[in-house]
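In UniProt numbering, the protein residues as written are 1 to 420.
Where is the CB? At the ideal position from N, CA and C, for every residue including glycine.
As the structure is a computational prediction, the values presented were derived from the model and not from experiment.
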């Protein structure tokens, strides 16, 4: 579930400029494919409601996501080598294909072993796409321009994830079966596959392979794990894990939460999506020019405030929308700041692996925490889950304050940055 993200990228060889019309067409197809798979991802946020409609509960839905964590971790381990061997466009197409198979399987049967297997494919597909798509962009544009194109990518991802749950809920409310909605997710995934296959037929594949050529040359699939986890980047790996837990729980169980309060989850998804997208295209440049540690702490304080407001939502639509928008603004802006700090706190030879572990921590949170969240809802309530999420967000805030105070080993950081 991710919305804002760019995967670790390999050191870039200078790309050869392509004709502008070809480049514009390529980006149009690329972003169309990203929007399609993000839309499919958004429809899978209806999974908890679908599981409940078949006699299950939130914990059962969480188990499906837990299976997704297994697929995501496995996918990340192989993604770099796969993208190097066959090119990131093909890797992204395979990821979308996995998502298509998974959502099609869910649309055909509610048999638990099949749905759990589909969960593995959901995690595999999304993680593979998440890793490969930014590498495609990296191969097409100069390093100084990548930030803008990654921003647009994140915008399309957030748009797809935010709009399709609203459409899906509207379809279900009008009498359409959940299985049909997941069939629509499969169709969107196939559209994404087609888009990336079109890219493969273009003229950019040699650039893609050159761009990713050094990304996985290390012998171990886990890379220099000790060096990364003892570097000044480690607090940011923990912070992204904590933030991913908040993000995934608030999005995954939003439909069933809204139903329990007599609210329309469309208010959450529209407000949250607007909160993510609008600031990214208006104030993100100003935010990025400030002190990242201080700004991160301020944004995380805002995220805690959003969760506090959420505790008092009741059935009030205005409060529900305000808290949702504030959560979108704060999480949407703090994620790339944390990612940038993780990359900047290590030497150049560790940067790829720091970002790889950053993605790994993110996916463990996104697909692993829904199982815990489901248990909390079943054993307690949505209110208890919100309190737990507030504690998690507060822990992330304390970690940001700790980083801001300079308690991350300054000597080690200086030694690392001198090598950059």
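Exercise for review: Quick one: using the 10 Å Cβ neighbour count with 16 as the cut-off for buried, is residue 381 buried or exposed?
Suggested key: exposed
Practice item. Report the three-state DSSP secondary structure of residue 48 (helix, strand or coil). Key: helix
Review point. Cα separation between residue 28 and residue 338?
Key: 29 Å
Point to revise | Whole-angstrom distance between residue 369 and residue 112, CA atom to CA atom | key: 20 Å
Exercise for review: Indicate the three-state DSSP secondary structure (helix, strand or coil) for residue 39 in the structure shown.
Suggested key: helix
**Study point:** Buried or exposed by the 16-neighbour rule on C-beta atoms within 10 Å, applied to residue 225
**Key:** exposed
Point to revise | residue 405, buried or exposed, once every other Cβ within 10 Å from all chains shown has been counted against 16 | key: exposed
Exercise for review: Measuring alpha carbon to alpha carbon, tell me which of 318, 367, 155 ends up nearest residue 333.
Suggested key: 155
Practice item. Assign residue 403 to one of two classes, buried (16 or more other C-beta atoms within 10 Å of its C-beta) or exposed (fewer than that). Key: buried
Check your understanding: Helix, strand or coil: which one does DSSP assign to residue 168?
Key -> helix
Check your understanding: Which residues in the same chain have their Cβ closer than 7 Å to the Cβ of residue 317, if we skip the five residues on either side of it in sequence?
Key -> 263, 267
Review point. Going by the CB atoms, is the gap between residue 200 and residue 271 shorter than 9 Å?
Key: no
Exercise for review: Compare the Cα-Cα distances from residue 300 to each of 285, 152, 240, 358 and report the closest residue.
Suggested key: 240
**Study point:** Of the residues 40, 331, 229, the one placed nearest residue 106, counting alpha carbons only
**Key:** 40
Check your understanding: Hey, is the stretch 31-51 in contact with the stretch 184-201, meaning 3+ C-beta pairs nearer than 8 Å?
Key -> yes
Point to revise | Cβ-based neighbour list, residue 254, same chain, cut-off 8 Å, excluding 5 preceding and 5 following | key: 45, 165, 265, 268, 269
Check your understanding: In whole angstroms, what is the alpha-carbon distance linking residue 345 and residue 121?
Key -> 33 Å
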